[in-house]
Amino acid sequence: MLVGGAGQIKLTKDGNVLLHEMQIQHPTAALIARAATAQDDVTGDGTTSTVLFIGELLKQAERFLADGLHPRILSEGFELAKDEALRVLDTMKTSPEDILKDRELLCSVARTSLRTKLDQKLADQLTEIITDAVLTIAVPERPIDLHMIEIMHVRGEPSCIL
Numbered sequence: 008m009l010v011g012g013a014g015q016i017k018l019t020k021d022g023n024v025l026l027h028e029m030q031i032q033h034p035t036a037a038l039i040a041r042a043a044t045a046q047d048d049v050t051g052d053g054t055t056s057t058v059l060f061i062g063e064l065l066k067q068a069e070r071f072l073a074d075g076l077h078p079r080i081l082s083e084g085f086e087l088a089k090d091e092a093l094r095v096l097d098t099m100k101t102s103p104e105d106i107l108k109d110r111e112l113l114c115s116v117a118r119t120s121l122r123t124k125l126d127q128k129l130a131d132q133l134t135e136i137i138t139d140a141v142l143t144i145a146v147p148e149r150p151i152d153l154h155m156i157e158i159m160h161v162r163g164e165p166s167c168i169l
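Positions 8 to 169 (the working numbering) are the ones given, in order, by the sequence shown.
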């Protein structure tokens with residue numbers, strides 16, 4: 008919940024909206040906010056996770072520095088951890104061509120993403136629809152053009168899923 012200068016209240020669970028609306032003064036906090044909004048710009052999600060992850064890294068770094076660990080060693084440790092994380096992720100990745108052949112995997116990805124933004128019941132209802140939309144516009148060996156999917160709002164009609 009954000010309260011503006013004139014007393015207006017904004018309720019949201021979208022971390023990106025929160026970060027854009029907040030007036031952050033601290034330089035480190037502003038840097039974290041920029042990293043988190045960049046995450047959202049690239050992937051459309053993960054703002055809150057990014058802030059929490061960076062916060063935990065900084066908390067642990069502060070603990071090690073207080074114990075007398077040299078900042079250079081800490082920095083090298085972060086670099087090693089990054090390299091190991093990328094190595095593990097590389098073993099887990101799936102090629103775009105394989106993803107398009109695995110409808111259940113696509114449904115799982117869509118459901119996971121939708122549940123971060125919508126009510127679970129609505130997300131589960133939309134999962135199949137969105138998966139079908141992506142498969143309809145997908146061209147093998149080319150990136151998916153999400154501009155080919157349009158969400159239309161019908162005014163004056165009750166919301167329903169067709």
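Don't be surprised by glycine CBs; every beta carbon is placed ideally from N, CA and C.
Exercise for the section: Return the chain-ordered ranges of every alpha helix (DSSP H) run that is complete within the segment 26-95 and spans a minimum of 4 residues. Expected result: 34-50 and 54-73
Handout entry: Cα-Cα separation between Arg73 and Thr143, rounded to whole angstroms
Key = For this step, residue 73 is matched to residue 66 along the sequence shown. For this step, residue 143 is matched to residue 136 along the sequence shown. The amino acid at residue 73 is misidentified as Arg; the sequence shows Ala. Straight-line Cα distance between these residues: approximately 55 Å.
Exercise for the section: Can you tell me the Cβ-Cβ gap for Ala42 and Ile61, rounded? I've got them flagged as a contact below 8 Å. Expected result: Walking along the sequence shown from the start, residue 42 turns up at place 35. Walking along the sequence shown from the start, residue 61 turns up at place 54. About 6 Å separates the CB atoms of Ala42 and Ile61; that is less than 8 Å, so the two are in contact.
Exercise for the section: Below 8 Å on the Cβ atoms is my guess for Thr54 versus Asn23; work out the distance and round it to an integer in Å. Expected result: Here residue 54 refers to the residue found at position 47 of the sequence shown. Here residue 23 refers to the residue found at position 16 of the sequence shown. Rounded, the Cβ-Cβ distance is 5 Å, consistent with contact.
Problem - 8 Å CB neighbourhood of Ser120 in its chain, flanking five on each side removed - result: Taking the sequence shown and counting its residues from 1, one reaches residue 120 at position 113. Cβ neighbours of Ser120 beyond the five flanking positions: Gly51 and Asp52.
Problem - Residues near Leu125 by beta carbon distance below 8 Å, same chain, minus five either side - result: Residue 125 sits at position 118 when you count from the first residue of the sequence shown. Only Leu133 meet the Cβ criterion.
Exercise for the section: Helix, strand or coil for Thr123, going by three-state DSSP, please let me know. Expected result: Here the question's residue 123 lines up with position 116 in the sequence shown. In this structure, Thr123 counts as coil in the three-state DSSP scheme.
Practice task
Verify whether the separation of the beta carbon atoms of Pro103 and Pro150 is less than 9 Å.
Solution key: Counting from 1 along the sequence shown, the entry for residue 103 is found at position 96. Counting from 1 along the sequence shown, the entry for residue 150 is found at position 143. The criterion of a C-beta distance shorter than 9 Å is satisfied by Pro103 and Pro150.
Exercise for the section: Name the two residues that bound the continuous alpha helix (DSSP H) containing Leu107. Expected result: Translated into positions along the sequence shown, residue 107 becomes position 100. First-last of the alpha helix (DSSP H) with Leu107: Pro103 to Lys108.
Exercise for the section: Figure out for me which residue from Cys114, Glu148 and Lys128 has the closest Cα to the Cα of Ile136. Expected result: Looking up residue 136 in the sequence shown gives position 129. Answer by Cα proximity: Cys114.
Problem - Sequence-distant residues of its chain with Cβ nearer than 7 Å to Asp47 (five each side left out) - result: Indexing the sequence shown from 1 puts residue 47 at position 40. Taken in chain order, the residues that qualify are Asn23, Gly53 and Thr54.
Practice task
State buried or exposed for Thr57, treating a residue as buried only when at least 16 other CB atoms are found within 10 Å of its CB.
Solution key: Numbered from 1 along the sequence shown, position 50 holds the residue referred to as residue 57. Buried.
Problem - Beta carbon of Leu81 nearer than 9 Å to that of Ala68 - result: Counting from 1 along the sequence shown, the entry for residue 81 is found at position 74. Counting from 1 along the sequence shown, the entry for residue 68 is found at position 61. Going by C-beta atoms, Leu81 is nearer than 9 Å to Ala68.
Exercise for the section: Count the other C-beta atoms from every protein chain shown that fall within 10 angstroms of the C-beta of Ala88, then say buried if there are 16 or more, exposed otherwise. Expected result: Here the question's residue 88 lines up with position 81 in the sequence shown. Here Ala88 is exposed, its C-beta having fewer than 16 other C-beta atoms within 10 Å.
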